[in-house]
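A quick write-up on the structure given underneath.
In the working numbering, the protein residues as written are 1 to 187.
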């Protein structure tokens with residue numbers, strides 16, 4: 001039995017498989033041992049940075065004391081989110097209903113860690129109107145590009161958290177009803 005008969009579960013499988021690729025090959029590139037990262041993956045990230053001027057990935061926000069919050073989010077991705085992604089994909093393929101617990105936990109974590117990234121992009125001055133030389137600024141086009149890249153990783157997990165929460169509520173309701181029926185039968 002698989003979880004795949006629901007359309008949303010098929011979407012989950014695609015999204016979480018893509019999220020594994022992005023986490024391993026893009027987000028956690030700095031964690032790879034020297035010389036083991038395929039060149040085309042370096043090029044993908046370099047092209048993204050060239051197109052976006054992403055201040056979170058370029059270090060433009062300042063030294064370690066200014067980026068510690070972002071580094072902690074990357075560490076969380078490595079420590080919790082990446083293992084959860086593998087559990088989720090395996091659980092969906094095996095049809096394991098408790099996978100919705102992992103989906104809920106991952107999605108709440110993912111959406112919550114994306115909020116400070118989106119907020120940071122929004123509060124950086126607009127280069128089209130900024131007048132202070134030497135101040136970090138992004139053009140309107142760069143901000144749009146960044147938001148187009150970050151917002152789906154907030155919106156989809158938020159939607160998936162609600163959906164998986166509803167699936168879990170349905171499972172709890174079923175379990176409570178079954179337990180009541182057994183208790184009544186035992187009397």
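Glycine residues also receive a C-beta, built at the ideal position from the N, C-alpha and C atoms.
Counting the other Cβ atoms within 10 Å of the Cβ of residue 102 gives 16 or more, which makes it buried.
Put simply, the backbone Cα of residue 128 is about 58 Å away from that of residue 175. In the three-state reduction of the DSSP assignment, residue 53 falls in the coil class, being assigned neither a helical nor a strand state. The residue among 109, 70 and 97 with its C-alpha nearest the C-alpha of residue 170 is 97. About 11 Å separates the Cβ atoms of residue 23 and residue 76, ruling out a contact at the 8 Å cut-off. In the DSSP assignment, residue 118 falls within the alpha helix (DSSP H) that extends over 99 to 123. At least 8 Å separates the beta-carbon of residue 117 from that of residue 148. With respect to the C-alpha of residue 6, the residue from 164, 51, 186 and 180 having the closest C-alpha is 164.
Here residue 143 is buried, its C-beta having at least 16 other C-beta atoms within 10 Å. Its Cα nearest to that of residue 84, the residue 109 stands out among 60, 70, 109 and 95. The secondary-structure analysis by DSSP pairs residue 138 across a beta bridge with 126. Counting along the chain, the unbroken alpha helix (DSSP H) around residue 180 starts and ends at 152 to 186. Note on residue 16: 16 or more other CB atoms within 10 angstroms of its CB, so buried under the neighbour-count rule. In the three-state scheme derived from DSSP, where H, G and I count as helix and E and B as strand, residue 32 is classed as coil. The Cβ-Cβ distance between residue 29 and residue 45 falls below 8 Å. Check the Cα spacing between residue 71 and each of 14, 31, 166 and 121: the tightest is with 31. Sequence-distant partners of residue 56 (beyond 5 residues in either direction) whose C-beta falls short of 7 Å from its own C-beta, in its chain, are 70, 117 and 120. Residue 12 places its beta carbon 8 Å or farther from that of residue 186.
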